[in-house]
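A.B. asks: Could you have a look at this structure, given as structure tokens, before my questions?
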Amino acid sequence: MFIMSVSIMLLAHAAFQIKGGGKIIYTDLEEYSDPVGKADIIVITHSHTDHCDPAKISRVLHSGTVIIAPDECRSKIKDITPLKPGESMTINGITVKAVQAYNYKRFRSPGTPYHPKGMGVGYLISVEGKTIYHAGDTDFIPEMKELGTVDVALLPTGDTYTMDVVEGAEAALAINPGIAIPMHTWGKDTTEFKKRVEAGSSTRVVILQEKEEYRLD
Numbered sequence: 086m087f088i089m090s091v092s093i094m095l096l097a098h099a100a101f102q103i104k105g106g107g108k109i110i111y112t113d114l115e116e117y118s119d120p121v122g123k124a125d126i127i128v129i130t131h132s133h134t135d136h137c138d139p140a141k142i143s144r145v146l147h148s149g150t151v152i153i154a155p156d157e158c159r160s161k162i163k164d165i166t167p168l169k170p171g172e173s174m175t176i177n178g179i180t181v182k183a184v185q186a187y188n189y190k191r192f193r194s195p196g197t198p199y200h201p202k203g204m205g206v207g208y209l210i211s212v213e214g215k216t217i218y219h220a221g222d223t224d225f226i227p228e229m230k231e232l233g234t235v236d237v238a239l240l241p242t243g244d245t246y247t248m249d250v251v252e253g254a255e256a257a258l259a260i261n262p263g264i265a266i267p268m269h270t271w272g273k274d275t276t277e278f279k280k281r282v283e284a285g286s287s288t289r290v291v292i293l294q295e296k297e298e299y300r301l302d
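Each position in the sequence shown, counted from 1, maps to that position plus 85 in this note's numbering.
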């Protein structure tokens, strides 16, 4: 059977356009992302402004678009399908599974994490025989070791609200994807991330600039 390639384009921050199976999937569309092409599926990890911009989401909607987002996003977007960690759904041959994403060491105030467990999620997106992991906003958490086979891991490395480059590299080594792509970097250098991951594993690190695309064949 002929298998189409899968492409992953960084739009901005944690926003990506994924194409595969003749479909377009967007992740975490935010204010500075510039999506082109109507969406078949939109996945949102949580409601923070830099991950969920209703105007950009509205721009790519058509009558058949499926929006997968946590319940806490309902204040911004009404027509969503929430998935809790461990739950999955399949749309036109594309499977989306929610997984855990949370902080346990980064706090807004004492005892209050920026992203408490149960607020947001990450996603495993399986399309054309490839599995892409979008980690969402998270620390390096034990659940990452249980994800199974991952072809591409999109990992936040910007610190403050998420993993930094060192923790991101530790996560990549634990997940052991074929490709790791840093995201949510806040413009910080990711050279150390690449160095640590590639020195400690067979994973290849691909650093994308905005509007740059990586193709999985």
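Heads up, the beta-carbon is just placed ideally off N, CA and C, and yes, glycines get one too.
Just to confirm, is the Cβ distance from Thr242 to Thr197 under 7 Å?
C.D. replies: Here residue 242 is taken as the residue at index 157 of the sequence shown, counted from 1. Here residue 197 is taken as the residue at index 112 of the sequence shown, counted from 1. No.
A.B. asks: Looking at Ile93 and Tyr299, is the spacing between their C-beta atoms short of 7 Å?
C.D. replies: Position 214 of the sequence shown holds residue 299. Position 8 of the sequence shown holds residue 93. Yes, the Cβ-Cβ distance between Tyr299 and Ile93 is below 7 Å.
A.B. asks: Taking its Cβ as the centre, do 16 or more other Cβ atoms sit within 10 Å of Ser211, making it buried, or is it exposed?
C.D. replies: Numbered from 1 along the sequence shown, position 126 holds the residue referred to as residue 211. Counting Cβ neighbours within 10 Å, Ser211 comes out buried, since at least 16 surround it.
A.B. asks: Which residues does DSSP list as the beta-bridge partners of Arg300?
C.D. replies: Reading the sequence shown from its first residue, position 215 is the one you call residue 300. DSSP, once it has assigned bridges, lists Ser92 as partnering Arg300.
A.B. asks: Less than 7 Å between the C-beta atoms of Val291 and Glu213, yes or no?
C.D. replies: Locating residue 291 in the sequence shown gives position 206, where the first residue counts as 1. Locating residue 213 in the sequence shown gives position 128, where the first residue counts as 1. No, the pair does not count as a contact, with Cβ atoms beyond the cut-off.
A.B. asks: Mapping the DSSP letters down to three states, classify Ala284 as helix, strand or coil.
C.D. replies: Stepping through the sequence shown from its first residue, residue 284 is reached at position 199. Note: Ala284 maps to helix in three-state DSSP.
A.B. asks: Considering only C-alpha positions, which residue in the set Ala140, Pro170, Ser148 and Arg144 is nearest to Ala154?
C.D. replies: Residue numbering aside, residue 154 sits at position 69 when the sequence shown is read from its first letter. Answer by Cα proximity: Pro170.
A.B. asks: Which residue from His200, Ala124, Ala186 and Thr245 puts its Cα closest to that of Pro227?
C.D. replies: Reading the sequence shown from its first residue, position 142 is the one you call residue 227. Of the candidates His200, Ala124, Ala186 and Thr245, the one whose C-alpha sits nearest the C-alpha of Pro227 is Ala186.
A.B. asks: Among the candidates Asp249, Ala124 and Thr270, whose CA atom is the shortest distance from the CA of Trp190?
C.D. replies: In the sequence shown, counting from the first residue as 1, residue 190 sits at position 105. Sequence check: residue 190 is Lys here, not Trp. Taking only the C-alpha atoms, the option nearest Lys190 is Asp249.
A.B. asks: Identify, in the order they occur along the chain, each residue of the same chain with its Cβ nearer than 7 Å to the Cβ of Ala265, setting aside the five sequence neighbours on each side.
C.D. replies: Within the sequence shown, residue 265 is the residue found at index 180, counting from 1. Answer for Ala265: Ala238, Leu240, Ala257, Val282, Thr288 and Val290, listed in chain order.
A.B. asks: Would you identify the three-state DSSP class for Met86, choosing helix, strand or coil?
C.D. replies: Reading the sequence shown from its first residue, position 1 is the one you call residue 86. In this prediction, Met86 has a pLDDT of 41, which is less than 50 and means its spatial position is unreliable; what the coordinates show is noted afterwards. Residue state, collapsed to three classes: coil.
A.B. asks: Could you tell me the alpha carbon to alpha carbon distance between Gly105 and Ser173, rounded to whole angstroms?
C.D. replies: The sequence position of residue 105 within the sequence shown is 20, counting from 1. The sequence position of residue 173 within the sequence shown is 88, counting from 1. Cα-Cα distance, rounded: 18 Å.
A.B. asks: Output the distance between the C-alpha atoms of Phe87 and Leu209, rounded to the nearest integer angstrom.
C.D. replies: In the sequence shown, residue 87 corresponds to position 2, counting from 1. In the sequence shown, residue 209 corresponds to position 124, counting from 1. Summary for Phe87: the model assigns pLDDT 46, below 50, so the residue's position carries little reliability, and this model does not support an answer.
A.B. asks: With DSSP as the reference, label Thr112 as helix, strand or coil.
C.D. replies: Residue 112 sits at position 27 when you count from the first residue of the sequence shown. It is a strand residue.
A.B. asks: Can you give the beta carbon distance from Gly207 to Thr130, rounded, assuming they're within the 8 Å contact cut?
C.D. replies: As a working note, residue 207 is residue 122 in the sequence shown. As a working note, residue 130 is residue 45 in the sequence shown. So it is a contact: roughly 6 Å between Cβ atoms.
A.B. asks: For His147, count the other beta carbons within 10 Å of its own beta carbon; 16 or more makes it buried, fewer makes it exposed. Which is it?
C.D. replies: To locate residue 147, count along the sequence shown from 1; it is residue 62. Looking at its Cβ environment, which holds fewer than 16 other Cβ atoms inside 10 Å, His147 is exposed.
A.B. asks: Could you give the C-beta distance for Leu114 and Asp138, rounded to a whole number, given that I count them as a contact under 8 Å?
C.D. replies: On the sequence shown, residue 114 is found 29 positions in, with the first residue counted as 1. On the sequence shown, residue 138 is found 53 positions in, with the first residue counted as 1. Right, their Cβ atoms sit about 6 Å apart.
A.B. asks: Would you decide whether Gly285 is buried or exposed? Buried here means 16 or more other CB atoms lie within 10 Å of its CB.
C.D. replies: For the purposes of this step, residue 285 is taken as residue 200 along the sequence shown, with counting starting at 1. So Gly285 counts as exposed.
A.B. asks: What three-state label does DSSP hand Phe225 in the structure shown?
C.D. replies: For the purposes of this step, residue 225 is taken as the residue at position 140 of the sequence shown. Here Phe225 sits in coil by DSSP.
A.B. asks: Measuring CA to CA, which of Asp302, Lys163 and Gly221 is closest to His98?
C.D. replies: Along the sequence shown, read from residue 1 onward, the residue named residue 98 stands at position 13. Answer by Cα proximity: Gly221.
A.B. asks: Whole angstroms are fine: how far does the CA of Glu116 sit from the CA of Ser160?
C.D. replies: Counted from its first residue, the sequence shown places residue 160 at position 75. Counted from its first residue, the sequence shown places residue 116 at position 31. About 17 Å.
A.B. asks: Mapping the DSSP letters down to three states, classify Arg289 as helix, strand or coil.
C.D. replies: The residue labelled residue 289 in the question sits at position 204 within the sequence shown. Of the three classes helix, strand and coil, the one that applies to Arg289 here is strand, per DSSP.
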